[in-house]
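Visitor: To start, I am sharing the structure in question, which I have written as structure tokens.
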Amino acid sequence: MPGENIAAENPAASAPSAATPSEPTRAARRAATAAEAPDPLYSFLFRRVFSRMDPEDAHHLVVRGLRLAESLGATRLLEKATRPAPELERHVLGRRWPSPFGLAAGFDKGAVAVLPLAALGFGHVEIGTVTAQAQSGNARPRLFRLLQDRALINRMGFNNDGAEVVRGRLDDVRHRIENLKSAGRHAPVVGVNIGKTKVVPLEDAVEDYLLSARRLAPVADYLVVNVSSPNTPGLRQLQDIEALRPLLEAVGREADSVARRHVPLLVKIAPDLADEDVDAVADLVADLGLDGVIATNTTISREGLRSSRQAVEKAGAGGLSGPVLAARSVEVLRRLRERLPEETTVISVGGVVSAEDVAQRLRHGADLVQGYSAFIYQGPLWVRRINRGLAAMAPERLRRETRRG
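The letter at position 138 of the sequence shown is residue 125 when you use my numbering, and the numbering goes up by one with no holes.
Set out below in structure tokens:
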């Protein structure tokens, strides 16, 4: 997707030794490895076609392809090959998630390809970021690939069609999801990520978020307050506790009121927060009884890259995503999990490439995991490989190890 994430070899032995893996263990490992092998056809297309296109143009081409596949009825056939194994199902935030692995916000900003994306095997699709007012975003070019790092730099600037238009699309998506559930087919959880309209002053940010919440909470399985994008001037200031508390309180009340039910509310934070600020956000989330945290967004850091300085400087400002973000994302995840109550949901995102990456996040305390950038580099079968790799693992490898206290 171009654009912008397991009995003994010696039958006489009474039990397998710790140093000699059992045959089922080896078989499952082989299955997991095979499940993560790259798709040679997509790799060829990416090298020869997509990597030579403008990343944003390539992204739009792929979205059009997904929508065309849906219109031709291909998603039903695709679903048969990509539906997550039943044992991957999770119950989080009062909902059933077909897989712990989902698509992060940013790929489908306007809810135009939710169902064909779900048909690839994602357990959930988070759309957005959506703002109260439609906006074109920052000037192009605004999306860049760092091929050597399998990373992306974006300064999109919350380009989207606005909450009112997206609400109309999600009304239709929700109706179709109910039909999928009735037919026993793969039905994703749909999250909605909301942000601040660029032209709205920071002092009016709460009301701006409330406008989005009023329109979108009724059609969201969960709602995310994005205060961590580096591409909207001043937005990250809303991560300060004094600004964040009234914002989250107001959005939570409004969302539940307009939806006439509890809409799970999460806040998405940046990896660039200092450890003490991560702790402060965790304490605020616990104090407010917020449903959860998504960690982390893209980073403004350029540390750890293998790409040349010239390539990085050519891309310029923006949020960096990809494998280089993994270490900090895991650090933030572990810090949050150790500080938050057990019942608070943590969704981990940042640098996720393989099924082992997903399993690691789950062991470190994530309830769910998201990916995005690796989708660009590995193609439409990437999520199927993730799910198959997870299904091939022993269940204990997907269980939380980190405990509060």
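Every residue gets a Cβ at the ideal spot worked out from N, C-alpha and C, and that includes glycine.
Assuming contact is defined by CB atoms lying nearer than 8 Å, are E76 and Q357 in contact in what I supplied?
Guide: Their beta carbons are not under 8 Å apart, which means E76 does not touch Q357 by this criterion.
Visitor: Rank G239, D243, L260 by C-alpha distance to the C-alpha of D227 and give the top, closest one.
Guide: Checking every option, the nearest Cα to that of D227 belongs to L260.
Visitor: Entirely within the segment 139 to 199 and at least 4 residues each: give me those alpha helix (DSSP H) ranges in chain order.
Guide: Runs found: 150 to 169.
Visitor: Would a C-beta distance cut-off of 8 Å place V272 and I181 closer than the cut-off?
Guide: Not a contact, by the Cβ cut-off of 8 Å.
Visitor: Quick check on E10: does DSSP put it in helix, strand or coil?
Guide: Reliability of the predicted coordinates at E10 is poor, the pLDDT of 49 falling under 50, and no value is obtained from them.
Visitor: Buried or exposed: where does R371 fall if 16 or more other Cβ atoms within 10 Å of its Cβ makes it buried?
Guide: The residue is buried, with at least 16 neighbouring Cβ atoms inside 10 Å.
Visitor: Please classify V31: is it buried, with 16 or more other beta-carbons within 10 angstroms of its beta-carbon, or exposed?
Guide: The sequence as given places Phe at residue 31; Val does not occur at that position. F31 should be labelled exposed.
Visitor: Quick one: residues in its chain with C-beta nearer than 8 Å to the C-beta of E236, no 5 flanking neighbours on either side, listed in chain order?
Guide: Cβ within range, chain order: L275.
Visitor: Threshold first: 4 residues or longer. Then list the alpha helix (DSSP H) segments lying entirely within the segment 262 to 336, N to C.
Guide: As far as the segment 262 to 336 is concerned, its whole alpha helix (DSSP H) runs of at least 4 residues are 262 to 275, 296 to 302, 313 to 326.
Visitor: Consult DSSP for L368 and reduce its assignment to one of helix, strand or coil.
Guide: Coil, per DSSP.
Visitor: Would you mind stating whether F94 and G110 have Cβ atoms separated by less than 8 Å?
Guide: The answer is no: Cβ separation not under 8 Å.
Visitor: My assumption, with CB atoms under 8 Å, is that R142 sits in contact with G305. Please give the rounded CB distance.
Guide: Sure, about 3 Å apart at Cβ, within 8 Å.
Visitor: Report back the beta-carbon spacing between N213 and K185 to the nearest angstrom; my notes put them in contact at under 8 Å.
Guide: Actually they are not in contact, since the Cβ atoms of N213 and K185 sit about 13 Å apart, beyond 8 Å.
Visitor: For Y29, tell me which candidate among A379, F362, A378 has the shortest Cα-Cα distance.
Guide: Of the listed residues, the one whose Cα sits closest to Y29 is F362.
Visitor: For A298 and S38, what's the separation of their Cα atoms in angstroms?
Guide: C-alpha separation (whole angstroms): 15 Å.
Visitor: Less than 8 Å between the beta carbons of Y359 and L189, yes or no?
Guide: It is not a contact, given that the beta carbons lie outside the stated cut-off.
Visitor: Per the DSSP calculation, F131 is bridged to which residue(s)?
Guide: I140.
Visitor: Can you grab the Cα-Cα spacing for the pair A192 / A119, in whole Å?
Guide: Roughly 10 Å between the two C-alpha positions.
Visitor: Can you tell me which of the three DSSP states T116 falls into?
Guide: Looking at T116 - three-state DSSP - the assignment turns out to be strand.
Visitor: Apart from the five residues just before and just after V280, which ones in its own chain have a Cβ nearer than 8 Å to its Cβ?
Guide: Excluding residues within five positions, the ones whose Cβ falls inside 8 Å are L253, V254, K255, I256, V268, A269, V272, L323, L327, T331, T332, V333, I334.
Visitor: Determine contact between the segment 95 to 109 and the segment 143 to 154, defined as no fewer than three beta-carbon pairs at a distance below 8 Å.
Guide: Cβ pair count under 8 Å is three or more, so yes.
Visitor: Please look up how many angstroms separate the CB atoms of A204 and A246, rounded, as I've assumed it's under 8 Å.
Guide: Yes, they are in contact, since the Cβ atoms of A204 and A246 sit about 5 Å apart, within 8 Å.
Visitor: Give the DSSP-derived three-state secondary structure of F94 in the structure shown.
Guide: Reduced to three states, the DSSP call for F94 is coil.
Visitor: Please name the residue in V319, E325, A314 whose C-alpha comes closest to that of D344.
Guide: Residue A314 is the option with its Cα nearest to D344.
Visitor: Excluding the five sequence neighbours on either side, which residues of its own chain have a C-beta within less than 8 Å of the C-beta of R137, listed in chain order?
Guide: Within the same chain, R137 has close Cβ partners G309, P310, V340, S360, A361, Y364.
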